[in-house]
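*Asks:*
In the numbering used here, the protein residues as written are 7 to 133.
#1: Distance, Cα to Cα, residue 112 vs residue 100?
#2: To the nearest angstrom, how far is the alpha carbon of residue 69 from that of residue 31?
#3: Between residue 17 and residue 24, what straight-line distance do the alpha-carbon atoms span, to the nearest angstrom?
#4: Over the uninterrupted alpha helix (DSSP H) stretch that includes residue 117, give me the two end residues.
#5: By a C-beta neighbour count over all protein chains shown, 10 Å radius and 16 as the cutoff for buried, is residue 85 buried or exposed?
#6: Which one or two residues does DSSP pair with residue 19 in a beta bridge?
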C-alpha cells in the first residue's frame, strides 16, 4: 500500500516489537492522526474540540463541589489527573493553538478543573 502511496482502512501496519500486522482501522490513534485533514476525516481543530468537550463532560460527571456548595475532598480523580504536571501543560498549550474554538474549549476546561483548587495546586500553576 505504501509503495503505491495509497492508504486505505484495510492497509496493515506492524508496530515495533509486534509479531502481527494490524489493519489501519484497528489503530485509533493512527486513524485520527492520518485521517484528519483528509476526505471524510476530521480536521485537527475539530478533533481537538471534541476531545476537550469530552474532558469537560467527564469533569461535569464528577463535580468539584457537593450539593451544598462545599468542595469535595479529595478532589475527583479526573480533576486531579488533569491538574497533574504531565496533563496540565498540554491543556495550557492549547491556549496557544491559534484556533478560536480550541482556545475557547481549552479555557472552559481550565476554568472547570480549577474550581475549588487548593493553595498547593494553585502554586503549581505558577511554576
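Glycine included, C-beta positions come from ideal geometry on N, C-alpha and C.
*Replies:* Quick look at the numbers:
#1: By one-based count along the chain shown, residue 112 stands at place 106. By one-based count along the chain shown, residue 100 stands at place 94. Looking at the two C-alpha atoms, the distance is approximately 6 angstroms.
#2: Counted from its first residue, the chain shown places residue 69 at position 63. Counted from its first residue, the chain shown places residue 31 at position 25. Distance between the alpha carbons of residue 69 and residue 31: 35 angstroms.
#3: Residue numbering aside, residue 17 sits at position 11 when the chain shown is read from its first letter. Residue numbering aside, residue 24 sits at position 18 when the chain shown is read from its first letter. Looking at the two C-alpha atoms, the distance is approximately 16 angstroms.
#4: Position 111 of the chain shown, counted from the first residue, corresponds to residue 117. It spans 106 to 119 - the alpha helix (DSSP H) in which residue 117 sits, taken as one unbroken run.
#5: Taking the chain shown and counting its residues from 1, one reaches residue 85 at position 79. Buried, since its Cβ has 16 or more Cβ neighbours within 10 Å.
#6: Here residue 19 corresponds to residue number 13 of the chain shown, with the count starting at 1. Answer by DSSP bridge pairing, in chain order: 28.
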